[in-house]
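**Student:**
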Amino acid sequence: MKKIVGLMLALALLVSPISINKVYADMPSEFTYTESNSMATITGYTGSSSDIIIPDEIDGYPVTAIGNEAFHSKRLTSVTIPEGVLSIGSSAFHSNNLTSVTIPNSVTSISDRAFGFNNIVDLVIPDSVTSIGDYAFSSNNLSNVTLSNHVALIGTGAFFYNNLTSIILPSSLTSLSPSVFMSNKLTNIVIPEVVTSIGNGAFHSNELISVTIPDSVTTIEVDAFSVNKLLNVTIPNHVTTIERDAFANNKLVDVTIPNSVTSLASGVFSNNELTSITLPDHLTVIGYNAFNSNKLTNVTIPASVTSINSYAFASNSLNTITFEGSLPSLDASVVASQTKPNYTFENWYSDETLQAAWDFTNSIDPNTTFYSKYIPDKLTVSFNSNGGSQVTDLADINYDTTITAPVAPTKSGYVFGGWYVDQALTTTWNFNTDKVTENKTLFAKWNAINNPPVVPPVTSPAPVTSPVVPSVTPAVTPPVVEQEIEDTENIESEQEPEAPVEKYFTDIDGHWAENSINKLAQKGILKGYENGQFGPNDFIQRHHLALLINRLVKLDAVREVVSFEDVPTNHPSYSAILNLQQGGVIEGYKNSFNPSGQLTLGELAKILVHAFNIEQAKITGENQHWSYIYTQTLSELDIMKAEDIENGVNKPVTRALLADVLYRLLQYKQLI
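If you use mature numbering (1 follows the signal peptide of the UniProt record, and there is no 0), the sequence shown corresponds to residues -21 to -1, 1 to 651, in order.
1) Just mark isoleucine 133 as buried or exposed, buried being the case when its beta carbon has 16 or more other beta carbons within 10 Å.
2) Is it buried or exposed, arginine 538, if we count other Cβ atoms within 10 angstroms and call 16 or more buried?
3) Anyone know if the C-beta pair for valine 212 and valine 190 falls short of 9 Å?
4) Considering lysine 498, what are the terminal residues of the alpha helix (DSSP H) in which it resides?
5) Is it a yes or a no for the segment 507 to 519 touching the segment 555 to 568, going by three-plus beta-carbon pairs under 8 Å?
6) Where does lysine 319 fall in DSSP's three states?
7) Can you tell me whether DSSP reads isoleucine 428 as helix, strand or coil?
8) Can you tell which of Ser575, Val130, Ala293, Leu534 has the C-alpha that lies nearest to the C-alpha of serine 90?
9) Excluding sequence positions up to five away, which residues of its chain have a Cβ less than 7 Å from the Cβ of asparagine 629?
10) Is aspartate 356 close to chain B? Criterion is C-beta to C-beta, closer than 9 Å.
11) Just the Cα atoms here: how many angstroms apart are threonine 389 and lysine 419?
12) Whose CA, out of Ala225, Gly46, Phe518, Thr416, lies closest to the CA of residue 652?
13) Taking only the alpha-carbon atoms, compute the straight-line gap between threonine 135 and proline 157 and give it to the nearest angstrom.
14) Kindly list the residues whose CB is nearer than 6 Å to the CB of threonine 198, restricted to its own chain and excluding five residues on each side of it in sequence; keep chain order.
15) Which of helix, strand or coil does DSSP assign to glycine 23?
16) Note the first and the last residue of the continuous beta strand (DSSP E) segment covering valine 588.
17) What are the boundary residues of the beta strand (DSSP E) that isoleucine 45 is part of?
18) So what's proline 345 in DSSP terms, helix, strand or just coil?
19) Hey, proline 41 and serine 17: beta-carbon distance below 9 Å or not?
20) Kindly list the residues whose CB is nearer than 6 Å to the CB of leucine 641, restricted to its own chain and excluding five residues on each side of it in sequence; keep chain order.
21) Do asparagine 288 and aspartate 310 count as a contact pair if the criterion is CB distance below 9 Å?
22) Taking DSSP's pairing of strands, which residues face leucine 102 in a bridge?
23) Which same chain residues, not among the five before or five after aspartate 639, have their C-beta less than 6 Å away from its C-beta?
24) Can you give, in chain order, each stretch of the alpha helix (DSSP H) that sits fully within the segment 235 to 271 and has at least 4 residues?
25) Assign isoleucine 214 to one of two classes, buried (16 or more other C-beta atoms within 10 Å of its C-beta) or exposed (fewer than that).
26) Under three-state DSSP, which class holds proline 7?
27) Which residues in the same chain have their Cβ closer than 6 Å to the Cβ of threonine 485, if we skip the five residues on either side of it in sequence?
28) Once you ignore the five residues that flank tryptophan 337 on each side, which residues in its own chain have a CB closer than 7 Å to its CB?
29) So, is glutamate 48 buried or exposed, given that buried needs 16 or more other C-beta atoms within 10 angstroms?
30) In terms of DSSP beta bridges, what is proline 355 paired with?
31) May I ask which residues mark the beginning and end of the beta strand (DSSP E) holding serine 57?
32) Where does threonine 407 sit, in a helix, a strand or coil, going by DSSP?
33) Helix, strand or coil for aspartate 375 per DSSP?
34) How many Å lie between isoleucine 470 and valine 58 at the Cα?
35) Would you grab the beta carbon distance between asparagine 163 and proline 149 for me? Rounded to a whole angstrom, and I think it's under 8 Å.
36) With distances taken from CA atoms, which of Ile146, Ile519, Asn277 is nearest valine 633?
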């Protein structure tokens, strides 16, 4: 009988499927743990499988927790977490290749960075979860997330840098942490009615077109909704504080600010499309750049305002600004650089007839109005007489004005039939009503006179030589700046670096790239923002790198000029981009360059290798990412760190990462 049983067991083992890729609960020896109160916490994994099932008990102890960094950087592609686990520790599954994860209904807390830097796409967080730690799911590929209905805390950056297009926030939330949904693709958001504060950068860099902010909110912090596509926003009546750049870089055409707001911080509504604004009656302070770069035409400053900071209303289209109260003076920058299409701003005047220019050192009395004066662009109308007598061009014509008809041309055998706006002679120009809005050429129409035909003597016609229009290739002579690169966000005129100091920026103490940033700042290569910060986590745009390279390297032209459709000649980086294209450093995408696109690590590597003429590494193998040869080249030279490359060559480059790579590169090239 024993032999039969043994034979049956042997056959069962032969025919039963045995996985060699998965680690099951019956292999607990590959999991390390600690025991407390007769419960096990998984602390590590010593196996080599990428597809694991965590046991629900080890050595008779039920598994109730996943410890800190237990599965950090284990190249896992899938994991099964058993029911009974109550908590998931810090960085428990950080830096793996997980594409999905099922969180058991027993879990109540998910700690900081628990699942950061994976490839998770869909996620359901069960109602048992009450807290989610900082950066718990950051840098994944999340497109769908269902949140727990009982979660009371979602930490800083918990869902930073994903692909979320929508999210339903539960009513259990009372605040939104800093950067919690930064750098996603959210288009609409409804904030629960119990939330009282919206943290720094909570929804920064999304695609929001609408947001509903409840009456419970009292504070909207720095960059909370900046860099989105918001068109309208109503700020609720209980908000008292709106911090710096909270709604900057949107497309706002309408905003309602309640009377509860007493101060507007720097840049709060800058870079929008506002044409009008009603300021609250109890407002006392208008911050630096508060409404800079909008389309405001008329502004009334309430009597309650006691301070207006620099550039608060600069770069608008103001016709008037009225002060209901008094001010000791007004800095000219507050209303500087007004713009209007086809006009040039000239000055501010204290009278409607624009005779008395305002002296900005003067005090402002109640009910004072400033009036702006704009000079219209000067245009030219040319006349193509189509074989008739020459007609002199009309120059220095004010934009949007009518012109007087010139003396009609003559042409033998023809009667002049008027001036037309097109060569096909289909639309006439009306000198009484049509206004000049651009440089224009008018074309003469001729009607033949019906006379008996005259046969002229036959002569050989003189050869007609068409004028040769040369192909113009703009000469690109990039400025050579000795070991100097200006700040990527605040490009200023070139100047000698200031005397070195020990510390240069207020926001990089203890930052991993602090040394590289300070070293480059000491050499005058990098600069920060006006507020003394460096912004290490801000992303670099593609045209920023073009400016940097253009200031550091002199390139010889090796290609014919190719124009990019999205880089017009008036683009601030036009010359730099053209220089890199002619120098063989960049190619673009089908006649476009995407200058405002975020620079990826792969793109950075390719540009640096070509710009600094670095010999490329010898690589083998096929089906590698297009940037592999460039990242591998820089990695072998210790210019680019392997862990940065492993985090993803398609990830955007931050200012800190650029500083670190650039410092290593300049050291390698012995430029610093």
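Each residue gets a CB set at the ideal place from its N, CA and C atoms; glycine is no exception. All values reported here derive from a predicted model rather than from experimental measurement.
**Tutor:** Looking at the atomic coordinates:
1) buried
2) exposed
3) yes
4) For lysine 498, the enclosing alpha helix (DSSP H) starts and ends at 493 to 501.
5) Contact between the segment 507 to 519 and the segment 555 to 568 is absent, with fewer than three C-beta pairs closer than 8 Å.
6) strand
7) coil
8) Val130
9) Thr579, Gly581
10) Checking the listed chains, one finds no chain B in this structure; it contains a single protein chain.
11) 21 Å
12) In the structure displayed, the chain extends from -21 to 651; residue 652 sits before or after that span and is not available.
13) Computed Cα separation, rounded: 5 Å.
14) Ser176, Thr220.
15) strand
16) Valine 588 -> not in any beta strand (DSSP E); alpha helix (DSSP H) instead, spanning 580 to 590.
17) 40 to 45
18) coil
19) yes
20) none
21) yes
22) Val124
23) Ala492, Ser495
24) none
25) Answer is buried; the Cβ neighbour count reaches 16.
26) Residue state, collapsed to three classes: helix.
27) When the five nearest sequence neighbours on each side are left out, the beta carbons in the same chain lying within less than 6 Å of the beta carbon of threonine 485 are those of Gly511, Gln512, in order along the chain.
28) Trp327, Tyr328, Ser329, Phe349
29) Counting Cβ neighbours within 10 Å, glutamate 48 comes out buried, since at least 16 surround it.
30) Tyr322
31) If you look at serine 57, you'll find it in the beta strand (DSSP E) that goes 57 to 59.
32) strand
33) strand
34) Because the pLDDT of isoleucine 470 is 36, which lies under 50, any placement of that residue in the model is unreliable, and the question is left without a value.
35) Contact doesn't hold; Cβ gap of about 18 Å is too wide.
36) Note that residue 633 corresponds to threonine in the displayed sequence, not to valine. Comparing Cα-Cα distances from threonine 633 to each of Ile146, Ile519, Asn277, the minimum goes to Ile519.
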